[in-house]
Structure formats: structure tokens, C-alpha cells
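Read in order, the letters of the sequence shown are residues 25 to 209 in the numbering used here.
Okay, structure first, notes after.
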Amino acid sequence: MGKTLGYARISTDQGQDATSQKAVLEDLGAVVVFVDIGNGSKLTGRDQLEAALRLLDEGDTLLALHPDRLARDTGDLLTIAKRVIEKKAVLRINDPAITLDGTDIMAEVMLTVFGLVGMMEKHFIKARQRRGIEAAKLRGDIYKGRPATISPDAVRDLRQQGFGATQIAKRLKIGRASVYRLLAA
């Protein structure tokens with residue numbers, strides 16, 4: 025019997041914590057838990073998921089608590105499942121209980137259905153967001169998005185001290201693209 029690798033994802037590190045997901049995954053047998061921070065609407069930038077997939081060997085299991093922790097898109101969810109099966113490993117979702125090893129068409133159907141549910145949920149979230157923005161505009165409120173979380177002054181100060189964009193990004197725990205954007209503003 026192979027090892028079980030857990031995968032958890034939180035949308036943001038502001039007000040969210042993966043501790044409870046990690047604890048449940050470990051209780052379910054995960055020997056290590058990989059955690060990504062970011063939305064599940066795309067696979068790009070999910071370094072920990074990629075690491076977990078690379079480490080899977082034949083007979084291993086990739087375990088997630090819910091399908092939407094893996095992806096909020098049917099195609100992405102099935103891509104992940106295909107990559108797991110190609111390694112002769114098993115994808116196991118805890119809730120709802122789905123075990124996909126490439127031999128059970130019903131497990132694939134269930135995974136597809138829950139992928140569709142995730143896509144619908146993503147659509148409804150975006151629709152509510154658009155309605156909220158439109159309502160704010162009708163009231164005369166100026167919609168500016170969420171408040172800035174990065175201090176432009178801190179970026180400029182570090183730049184004046186001679187730090188490069190990569191060093192600034194690491195020190196402030198932000199993306200390099202954000203550093204470039206703030207320096208250009």
C-alpha cells in the first residue's frame with residue numbers, strides 16, 4: 025500500500041487558515057499535506073498541487089476534503105484526476121466520498137457533477153459581485169475594489185535602499201508583478 029498525500033487550499037491568507045483542513049487530512053491518513061493559497065478557478069500558480077502530483081507514485085493516494093479544494097472548474101478537476109490516474113495512483117475526495125482510480129465510471133461521473141457544481145458556484149459569486157458593484161454605482165458610491173494591502177511607500181523605500189524587485193517581493197511577501205506595478209505608478 026502506498027502513501028497518502030493530502031491537499032488543502034484556502035482562497036486567501038487574510039482571515040483564513042488551513043489548519044483545520046490539514047488536521048482532518050492527517051486524521052484521514054495523509055502523511056504530508058500540501059497547501060496552496062489562492063482561488064481554485066485556475067490551475068496555474070498552484071505550486072503545492074503540482075508538487076503533490078509530482079510526488080505521487082504507483083499505489084499512492086491524493087486526498088482532498090472536497091472537490092472545490094482541488095478546482096472550481098470541471099475541466100481542471102478532470103485534468104487533475106487524469107494526472108493522478110496516469111501515475112497509477114488514486115484520487116480520493118472525503119466529502120462527498122469519491123474514490124477515483126480509473127476503473128469506476130460512476131466515480132468519474134460524480135467528480136464531473138461536483139466539478140459542475142463548483143463552476144456554478146463560481147458563476148454565482150461573480151454575478152453577485154457584479155450586482156453589488158452596479159448597486160454601488162447607482163447609489164453614487166465610487167467603486168474602488170478592495171482596500172490596498174500593499175504599502176507603496178514600503179516598496180519605494182526598499183527600492184531606494186537598493187533592493188531589486190525579487191528581494192522586495194520576498195521581504196514584503198508579495199508578487200514581483202505587484203512590485204513592478206507599484207514602482208511604475
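The beta-carbon is built from N, C-alpha and C at its ideal position, and this holds for glycine as well.
Contact between the region 76-84 and the region 104-121 is established, with three or more Cβ pairs separated by less than 8 angstroms.
Under the three-state reduction of DSSP output, residue 166 falls in the coil class, being neither helix nor strand. Taking 8 angstroms as the cut-off, the Cβ atoms of residue 139 and residue 177 do not count as close. For residue 68, there is no enclosing beta strand (DSSP E), as DSSP marks it with neither H nor E.
Among the bridge pairs identified by DSSP, residue 31 is matched with 58, 88.
Rounded to whole angstroms, residue 101 and residue 51 show a C-alpha spacing of 24 angstroms. Rounded to the nearest angstrom, the gap between the Cα atoms of residue 144 and residue 183 is 43 angstroms. Burial of residue 124 is indicated by the presence of at least 16 other C-beta atoms within 10 angstroms of its C-beta. In the displayed model, residue 173 falls within coil according to three-state DSSP, outside both helix and strand. The region 51-61 and the region 25-43 touch, with three or more beta-carbon pairs separated by less than 8 angstroms.
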